[in-house]
Structure formats: C-alpha cells, structure tokens
Amino acid sequence: MSEARESPLVRTIWVINTCVDQIGTVLFAILIITTIKQKRLHGTCHLLLGIYAVCSLLSKIQILLPFTLIMLPGTGKIPRLYCALIQIIPVGGSMNVFSLMLVIGADRMLAIFMPLWLIN
Numbered sequence: 011m012s013e014a015r016e017s018p019l020v021r022t023i024w025v026i027n028t029c030v031d032q033i034g035t036v037l038f039a040i041l042i043i044t045t046i047k048q049k050r051l052h053g054t055c056h057l058l059l060g061i062y063a064v065c066s067l068l069s070k071i072q073i074l075l076p077f078t079l080i081m082l083p084g085t086g087k088i089p090r091l092y093c094a095l096i097q098i099i100p101v102g103g104s105m106n107v108f109s110l111m112l113v114i115g116a117d118r119m120l121a122i123f124m125p126l127w128l129i130n
C-alpha cells in the first residue's frame with residue numbers, strides 16, 4: 011500500500027461518512043421542495059429557512075468530489091483549476107450558512123419582541 015487512500019479502512023470510513031452525509035442532502039431537498047410548494051410557507055422566516063436549506067444542500071454536495079476521487083481507481087489527482095471551479099459554488103454556499111443563521115435569528119427576535127411590526 012503506497013497511499014493511505016488505497017487502504018480498505020479508509021475507503022470504508024469514506025463510504026460511511028458520505029452515506030450518512032447524503033441523508034442530510036435528501037432531507038434538505040425535501041425542505042426546499044416543501045417550502046416552494048406550500049403557499050403558507052412563503053413568510054419571511056420560511057423563505058429564509060428555504061434559502062438556508064439551499065446553502066446547506068450545497069455544503070452537503072461538497073463532499074462528493076473528494077469521495078469520487080478516493081473511490082475511483084487511478085492517481086486520485088485532478089488539476090487545481092478544475093478542483094477550484096468544481097468546488098467554488100458549494101464553498102460559497104457553505105460560507106453563506108452562518109450569515110443566514112444570524113439573519114434568521116434576528117428575524118425571530120424581532121417577531122418575539124415586536125410582534126406588531128410583522129403583522130400584515
């Protein structure tokens with residue numbers, strides 16, 4: 011075994027990690043579809059949660075490139091430019107998650123402390 015990625019233990023751990031991570035992918039996709047389909051879920055907080063689900067879905071998809079490179083036979087190396095181009099959107103979505111948490115928290119705080127403001 012010249013490389014750690016050829017180890018059966020490493021491959022098994024990657025498969026388990028990716029499978030568990032993709033459960034979140036399915037659940038975030040269901041949340042996005044539900045938010046779009048249900049007219050009652052088009053309030054400010056629900057739309058923010060839908061956008062949060064999109065960004066989290068992008069971060070869940072981000073693990074698929076390294077998983078593919080570990081599992082496929084060969085050197086497991088791709089040019090840095092291709093790697094950067096493939097990963098730029100999922101990384102951007104991952105970075106947006108924390109700012110969305112802050113905005114959702116501020117929206118909920120306003121809804122609790124100033125309920126008359128949010129009445130239509």
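Quick note on my numbering: the sequence shown kicks off at 11 and runs consecutively. Positions of the beta carbon are idealized from the N, C-alpha and C atoms, including for glycine.
Hey, quick one: how far does the alpha helix (DSSP H) through residue i stretch, first residue to last?
i      : result
Pro10  : Only positions 11 to 130 of the chain appear in the structure, and residue 10 is not among them; the question remains open.
Leu51  : Element bounds for Leu51: n/a, residue is neither H nor E.
Pro100 : Arg90 to Phe123
If I measure Cβ to Cβ from residue i and keep anything under 6 angstroms in the same chain, skipping five residues before and after, which residues do I get?
i      : result
Asn106 : Cys65
Ser104 : Ser69
Thr22  : none
Cys55  : Asp117
Phe38  : Ala63, Ser66 and Leu67
Between residue i and residue j, is the Cβ-Cβ spacing less than 8 angstroms?
i      : j     : result
Thr45  : Leu59 : yes
Leu110 : Ile40 : no
Phe77  : Trp24 : yes
Trp63  : Ile42 : For clarity, residue 63 is Ala in the given sequence; the question names Trp instead. Yes, the Cβ-Cβ distance between Ala63 and Ile42 is below 8 angstroms.
Grab me the residues of residue i's own chain with a C-beta within less than 7 angstroms of its C-beta, minus the 5 sequence neighbours each way, in chain order.
i     : result
Leu95 : none
Near residue i, what residues of its chain come up, given a Cβ to Cβ distance below 8 angstroms and the 5 sequence neighbours on each side ignored?
i      : result
Lys47  : none
Tyr92  : none
Ile122 : none
Lys49  : none
* Touching or not, the stretch 60-74 and the stretch 21-33, by the rule of three or more beta carbon pairs under 8 angstroms? -> yes
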